[in-house]
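Undergrad:
There are 2 protein chains.
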Amino acid sequence: MSRLFKRLASTIQVKPLPSKAHLHGPLPASSFPTGYILTGIHAGVKKNPALLDLGLIVSTSDHPASAAACFTRNAFKAAPVVVSQQILTQNGGRARAVVVNSGCANAVTGRQGLEDAWAMVRETDALLPPSVSTAKNHTLVMSTGVIGQKLPITKIVDGIRSQSTSTRTLASDFSAWERAATAFMTTDTFPKLRSRAFTINGTEFRMAGMDKGAGMIHPDMGPATTSFTPLHATLLGCILTDAAVSPRSLQSALTYAVERSFNSISVDGDMSTNDTILVLANGAAVSNDGKVVEIDEETDKDGYNIFRTELTKFAVELAQLVVRDGEGATKFVTVNVKGALTYGDAHRIASRVSTSALVKTALYGEDANWGRVLAATGSVAVPYLDPTKVSVTFIPSDNTVPLPVLVNGEPETVDEVRAKEILGMEDFGICIDLGGIGKEEATYWTCDFSYEYVRINGDYRS
Amino acid sequence: MSRLFKRLASTIQVKPLPSKAHLHGPLPASSFPTGYILTGIHAGVKKNPALLDLGLIVSTSDHPASAAACFTRNAFKAAPVVVSQQILTQNGGRARAVVVNSGCANAVTGRQGLEDAWAMVRETDALLPPSVSTAKNHTLVMSTGVIGQKLPITKIVDGIRSQSTSTRTLASDFSAWERAATAFMTTDTFPKLRSRAFTINGTEFRMAGMDKGAGMIHPDMGPATTSFTPLHATLLGCILTDAAVSPRSLQSALTYAVERSFNSISVDGDMSTNDTILVLANGAAVSNDGKVVEIDEETDKDGYNIFRTELTKFAVELAQLVVRDGEGATKFVTVNVKGALTYGDAHRIASRVSTSALVKTALYGEDANWGRVLAATGSVAVPYLDPTKVSVTFIPSDNTVPLPVLVNGEPETVDEVRAKEILGMEDFGICIDLGGIGKEEATYWTCDFSYEYVRINGDYRS
Chain A
28 MSRLFKRLAS TIQVKPLPSK AHLHGPLPAS SFPTGYILTG IHAGVKKNPA
78 LLDLGLIVST SDHPASAAAC FTRNAFKAAP VVVSQQILTQ NGGRARAVVV
128 NSGCANAVTG RQGLEDAWAM VRETDALLPP SVSTAKNHTL VMSTGVIGQK
178 LPITKIVDGI RSQSTSTRTL ASDFSAWERA ATAFMTTDTF PKLRSRAFTI
228 NGTEFRMAGM DKGAGMIHPD MGPATTSFTP LHATLLGCIL TDAAVSPRSL
278 QSALTYAVER SFNSISVDGD MSTNDTILVL ANGAAVSNDG KVVEIDEETD
328 KDGYNIFRTE LTKFAVELAQ LVVRDGEGAT KFVTVNVKGA LTYGDAHRIA
378 SRVSTSALVK TALYGEDANW GRVLAATGSV AVPYLDPTKV SVTFIPSDNT
428 VPLPVLVNGE PETVDEVRAK EILGMEDFGI CIDLGGIGKE EATYWTCDFS
478 YEYVRINGDY RS
Chain B
28 MSRLFKRLAS TIQVKPLPSK AHLHGPLPAS SFPTGYILTG IHAGVKKNPA
78 LLDLGLIVST SDHPASAAAC FTRNAFKAAP VVVSQQILTQ NGGRARAVVV
128 NSGCANAVTG RQGLEDAWAM VRETDALLPP SVSTAKNHTL VMSTGVIGQK
178 LPITKIVDGI RSQSTSTRTL ASDFSAWERA ATAFMTTDTF PKLRSRAFTI
228 NGTEFRMAGM DKGAGMIHPD MGPATTSFTP LHATLLGCIL TDAAVSPRSL
278 QSALTYAVER SFNSISVDGD MSTNDTILVL ANGAAVSNDG KVVEIDEETD
328 KDGYNIFRTE LTKFAVELAQ LVVRDGEGAT KFVTVNVKGA LTYGDAHRIA
378 SRVSTSALVK TALYGEDANW GRVLAATGSV AVPYLDPTKV SVTFIPSDNT
428 VPLPVLVNGE PETVDEVRAK EILGMEDFGI CIDLGGIGKE EATYWTCDFS
478 YEYVRINGDY RS
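Quick mapping for you: the protein sequence lines, in order, are chains A and B.
In case it helps, the working numbering puts the first sequence at residues 28 to 489.
In case it helps, the working numbering puts the second sequence at residues 28 to 489.
#1: Mind reading off the beta-carbon distance from A:GLY366 to A:GLY463? Whole number of angstroms is fine, and I expect it under 8 Å.
#2: On the three-state DSSP scale, how would you describe A:TYR411?
#3: Note down the Cα distance separating B:ALA105 from A:SER418, rounded to an integer number of angstroms.
#4: Does the separation of the CB atoms of B:PHE334 and B:ALA235 fall below 8 Å?
#5: Have a look at B:GLU443 and B:VAL109 and give me their C-alpha separation to the nearest angstrom.
#6: Residues of the stretch 292-308 of chain A in Cβ contact with chain B at a cutoff of 7 Å, in chain order, please.
#7: So if I threshold CB-CB distances at 7 Å, which residues from the stretch 97-110 of chain B count as touching chain A?
#8: What are the start and end residues of each continuous beta strand (DSSP E) run of 3 or more residues lying completely inside the stretch 407-483 of chain B, in chain order?
#9: Would you kindly check if the distance between the Cβ of B:VAL362 and the Cβ of B:THR194 is under 8 Å?
#10: Whole angstroms are fine: how far does the CA of B:GLY296 sit from the CA of A:ALA384?
#11: For A:GLY62, which of helix, strand or coil comes out of DSSP?
#12: Near B:LYS387, which residues of its chain fall below 6 Å by C-beta distance, leaving aside the five closest residues on each side in sequence?
#13: Compare the C-alpha of B:ALA134 against each of A:CYS458, A:GLU321, A:VAL313, A:LEU433 and name the closest.
#14: Can you check DSSP and say which residues form a bridge with A:ALA92?
#15: Please say whether A:LEU307 and A:LEU490 have beta carbons closer to each other than 8 Å?
#16: Quick check: is the beta carbon of A:ASN484 nearer than 8 Å to any beta carbon in chain B?
#17: Nearest chain A C-beta to B:MET452 closer than 8 Å, yes or no?
#18: Just to confirm, are B:VAL491 and B:ASP238 a CB contact at a threshold of 8 Å?
#19: Check the Cβ of A:ILE493 against every Cβ in chain B and list those closer than 9 Å, keeping chain order.
#20: A:TRP397 versus chain B: which residues are under 9 Å apart at the beta carbon?
#21: Hey, could you find the ends of the beta strand (DSSP E) A:LEU220 is sitting in?
#22: Is the beta carbon of B:SER93 less than 8 Å from the beta carbon of B:GLY62?
#23: 8 Å is my cut-off, CB to CB: does A:GLY371 come that close to chain B?
#24: Suppose you measure from the CA of A:ALA102 to the CA of B:HIS374; what does that come to, to the nearest Å?
#25: Quick one: does A:GLY236 have its CB under 8 Å from some CB of chain B?
#26: Of all the options B:ASP413, B:LYS416, B:ALA446, B:PHE455, which has the alpha carbon lying nearest to the alpha carbon of B:ASP425?
#27: So, is the C-beta of A:ALA342 closer than 8 Å to a C-beta in chain B?
#28: Could you tell me if A:GLN117 is buried or exposed, where buried requires 16 or more neighbouring beta carbons within 10 angstroms of its beta carbon?
#29: If you draw a straight line from the C-alpha of A:TYR331 to the C-alpha of A:TYR480, how long is it?
#30: List, in order along the chain, the chain A residues whose C-beta lies closer than 9 Å to that of B:VAL409?
#31: Under 9 Å, CB to CB, which of the residues in the stretch 428-439 of chain A have a partner in chain B?
#32: Comparing the C-beta of B:VAL380 with each C-beta of chain A, is any distance below 8 Å?
#33: In chain A, which residues lie less than 9 Å from B:ALA271 when you measure between Cβ atoms?
#34: Can you pull the chain B residues whose beta carbon is under 9 Å from the beta carbon of A:MET169, in chain order?
#35: Do the stretch 68-77 of chain B and the stretch 278-286 of chain B meet, that is, are 3 or more Cβ pairs less than 8 Å apart?
#36: Looking at chain B, which residues of the stretch 461-482 of chain A have a Cβ within less than 8 Å of any of its Cβ atoms?
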């Protein structure tokens with residue numbers, strides 16, 4: 028039993044978490060899309076009055092914005108997911124506002140949960156400026172936090188009523204965007220807010236957005252039209268653009284983007300019940316000739332493709348922030364799988380490697396344990412996988428020479444000093460080449476598994 | 028950033044691992060099956076000369092024993108897995124010996140690895156007493172340890188040659204069985220050895236066996252006849268009986284038993300490349316009338332069913348020991364899923380819940396966070412899953428009253444004191460009732476995720 032005693036006697040060395048402060052900073056007001064006002068307040072869902080827990084986002088355009096969303100495929104869908112899905116379907120992909128609360132997921136809350144989510148919609152609808160096309164249920168709703176607790180709905184309703192779109196409690200400056208992004212946060216350590224400019228057919232557009240998520244991160248989201256319904260969600264995101272895009276094309280661009288961004292990240296392999304990514308396109312940016320023409324896949328393939336590419340890049344940027352802020356994460360690792368016959372095969376292998384507890388603890392230990400990478404790869408049922416063709420390479424983030432550890436199924440004599448050097452970096456990559464059987468590839472972003480992860484999740488509710 | 032500072036300042040409280048010493052103890056010599064001699068020695072694969080790393084098991088029966096096996100379905104199969112599969116197929120399910128080494132998995136070792144595995148077979152064959160039916164390749168081989176390192180084959184060959192089946196270095200007393208079981212160990216904290224007696228048609232038989240495994244435990248094993256081939260394995264087991272069973276029926280009984288035992292446990296969700304469970308049935312127990320008749324599914328359904336049931340119970344007993352000794356484990360949790368339309372659906376849900384990092388950290392934190400159980404349940408694609416029908420109950424191990432936390436999709440007002448009481452036990456159960464949609468159920472055994480798990484796997488190779 029000396030072995031057991033040795034274990035008990037060992038002191039656990041905790042690496043200090045690197046500061047993530049540099050990942051958030053001010054953005055110029057000019058980088059935000061026009062036609063949106065926002066706020067974030069403390070409504071009282073969270074106990075600490077210094078923490079924001081209610082966010083409001085309103086499109087000020089006369090017409091409802093195009094809206095699209097991807098929701099968790101979890102069988103247990105939280106009330107806000109069910110309600111937002113219904114609204115999107117009823118309104119044919121149009122919406123004017125988003126309301127979000129953190130601190131409580133409003134998941135597994137039965138009929139009361141649905142009533143509460145509808146109350147949030149109704150109260151936010153009441154803030155909207157009157158417009159030609161005013162209709163009911165123009166607000167999409169999101170919640171994040173602990174499962175199985177009822178929303179403190181009176182506090183939330185009071186919070187929404189304390190705001191007004193006419194008296195400038197909602198605004199469009201950086202501070203307003205930052206407050207809204209902060210209201211999304213749960214175990215996040217910084218608000219996740221980014222913006223981006225792009226040009227289609229000579230007109231400049233902008234998109235900006237925020238997301239949140241640190242744990243229960245392994246999304247698998249699809250559009251509302253497929254028949255599923257979610258429950259305790261932890262990835263929430265909202266992207267706002269002043270481009271004009273038809274609802275149908277907005278959804279197809281988002282579905283494509285989400286598959287290659289939010290559906291390609293993992294913190295802990297746990298799919299949430301509330302995962303939701305929303306996008307609004309209000310068309311408030313006036314084109315050079317003053318006309319607003321909706322981008323549509325059928326009528327302007329080139330314009331659509333530019334939009335889809337920009338949306339995908341932006342979604343990747345937001346998704347990566349979640350991994351960087353993963354609970355207890357000290358590493359940001361890009362897993363790239365090449366040489367598959369289908370994108371789906373490459374994606375499944377990248378996902379398995381990215382969620383392997385043994386791979387993730389080795390990453391934390393800065394141990395180039397490629398055997399674990401291979402074991403995870405081989406555990407995915409891909410019939411054409413040939414062990415004698417597979418190569419694994421560690422890719423440093425500083426553009427220095429990559430380190431092959433396995434070439435065509437044969438282990439290399441690994442320079443352990445160099446391996447330590449690469450794995451000592453905060454960012455690095457693992458490339459798994461299946462060996463030219465196919466030409467498809469997929470990329471996943473993951474983090475390591477640390478003592479901090481266990482600590483955070485061993486007492487999350489307390 | 029005060030939140031981040033708080034994290035950095037926090038001291039990680041490490042719960043001492045409970046001693047597992049009581050899980051191993053002497054067994055009476057009369058409880059072992061007749062006709063087997065064994066040993067375990069230090070051959071030099073492991074650095075520490077006090078640790079055994081080479082085990083030998085020989086059936087002394089005049090005729091080769093019936094043999095069956097289940098191997099990992101990992102695409103990367105270690106050399107010993109490939110070799111044992113070939114031998115079993117070539118010999119039509121007969122074998123006379125087993126050789127096993129720990130300390131090195133002989134996985135991803137290319138052609139040299141296969142040659143080394145064959146050398147272990149050849150050297151052990153040479154120890155076998157001559158018999159009427161002597162044939163080549165009557166030894167099955169297993170290895171466990173680190174991936175990608177070559178076997179120190181000279182040391183292993185010397186170790187095998189130092190033994191002899193005629194001069195009693197192999198023996199059948201408890202000490203010999205214990206040494207063999209000890210030679211299987213890697214990060215295990217105790218040797219896993221059990222025995223069992225059973226009666227078929229008036230004759231008493233015995234089975235005994237050993238297994239090992241503590242990490243990279245999430246087996247998915249099938250018989251050798253399906254076309255797959257494995258690589259870094261961490262679950263090894265060997266069951267020996269003095270019953271006579273036809274090779275075909277031995278395989279079908281083992282496949283059934285493994286599905287409900289070793290394929291229903293998880294420590295970390297990582298499927299290994301070397302997972303192997305072997306069974307030998309040498310027929311050395313003489314029936315009352317002196318005749319040896321092989322149990323066969325076709326000719327004696329009742330006898331076969333008794334054997335299969337006994338084998339399954341015994342496999343469950345051995346499999347549970349692996350979970351109890353899971354790396355860093357402080358809990359032994361039984362996950363039971365009821366009310367599914369198929370065993371496969373129930374098994375997939377039980378597996379997902381058992382591997383969820385969030386569920387496992389909550390178990391470590393003794394937090395009755397049923398929301399995480401539900402989120403994991405809902406992340407399995409089972410089309411008929413109806414959230415409003417699902418119930419979740421925590422089951423104490425002391426036969427006191429179970430604690431329902433969710434009934435027909437509605438959260439109960441949970442008595443947190445009682446919840447803490449149950450989750451404070453070393454053993455307890457989680458029952459997930461899908462709500463009577465079907466009648467099938469499956470049981471999984473899992474453990475928690477602790478700081479110790481991260482520590483052990485953050486520096487496994489060093």
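Ideal placement from N, C-alpha and C gives every residue a C-beta, glycine not left out.
Remember, it's a predicted structure, so these values are computed and weren't measured experimentally.
TA: Concretely, from the data shown:
#1: Rounded to whole angstroms, the Cβ separation of A:GLY366 and A:GLY463 is 5 Å, and the two are in contact under 8 Å.
#2: Three-state DSSP puts A:TYR411 in coil, outside helix and strand.
#3: CA-to-CA, the gap between B:ALA105 and A:SER418 works out to about 17 Å.
#4: The Cβ atoms of B:PHE334 and B:ALA235 do not sit closer than 8 Å to each other.
#5: When the Cα atoms are used, B:GLU443 and B:VAL109 turn out to be separated by approximately 51 Å.
#6: Residues of the stretch 292-308 of chain A whose Cβ lies closer than 7 Å to any Cβ of chain B, in chain order: ASP295, GLY296, ASP297, MET298, SER299, THR300.
#7: Listed by position along the chain: ASN101, ALA102, PHE103.
#8: Listed in chain order, they are 418-423, 430-434, 454-460, 467-473.
#9: No, these two residues do not count as a Cβ contact at 8 Å.
#10: Using only the alpha carbons, I get a separation of about 7 Å.
#11: In the structure shown, A:GLY62 sits in coil (DSSP, three-state: anything other than H, G, I, E or B).
#12: The beta carbon of B:LYS387 lies closer than 6 Å to those of ASP475, PHE476 in the same chain, with the five residues before and after it left out.
#13: Taking B:ALA134 as reference, the option from A:CYS458, A:GLU321, A:VAL313, A:LEU433 with the minimal CA-CA separation is A:LEU433.
#14: Looking at the DSSP assignment, A:ALA92 forms a beta bridge with A:ALA122.
#15: Nothing can be reported for residue 490 of chain A: it is not among the residues displayed for chain A, which extend from 28 to 489.
#16: Interface residue, yes.
#17: Chain A, which has no Cβ nearer than 8 Å to the Cβ of B:MET452, makes this no.
#18: Chain B is shown only over 28 to 489; residue 491 of chain B falls outside these bounds and no answer can be derived.
#19: Outside the displayed span of chain A (28 to 489) sits residue 493 of chain A, for which this structure offers no information.
#20: Ordered by position in chain B, the residues that pass the 9 Å Cβ test against A:TRP397 are VAL135, ILE174, GLY175.
#21: Start and end: 219-227.
#22: Their beta carbons are not under 8 Å apart, which means B:SER93 does not touch B:GLY62 by this criterion.
#23: Closer than 8 Å to the CB of A:GLY371 there is not a single CB belonging to chain B.
#24: Each residue's CA atom was taken as its position, placing A:ALA102 and B:HIS374 some 17 Å apart.
#25: A:GLY236 does not count as touching chain B.
#26: If we check each option's Cα against that of B:ASP425, B:PHE455 comes out closest.
#27: Cβ-Cβ to chain B under 8 Å: no for A:ALA342.
#28: Residue environment: A:GLN117 is assigned as exposed (fewer than 16 neighbouring CB atoms within 10 Å of its CB, all protein chains considered).
#29: Near 41 Å, if we compare the C-alpha coordinates of A:TYR480 and A:TYR331.
#30: ALA102, listed in chain order.
#31: Residues passing the 9 Å Cβ filter: VAL432, LEU433, GLY436, GLU437, PRO438.
#32: It does not; no Cβ of chain A falls within 8 Å.
#33: Residues of chain A passing the Cβ test: none, with the nearest at roughly 36 Å.
#34: Neighbours of A:MET169 across chain B, judged by C-beta separation under 9 Å, do not exist; the nearest C-beta is about 16 Å away.
#35: Segments in contact, no.
#36: Residues PHE476, SER477, TYR478, GLU479, TYR480, VAL481, ARG482.
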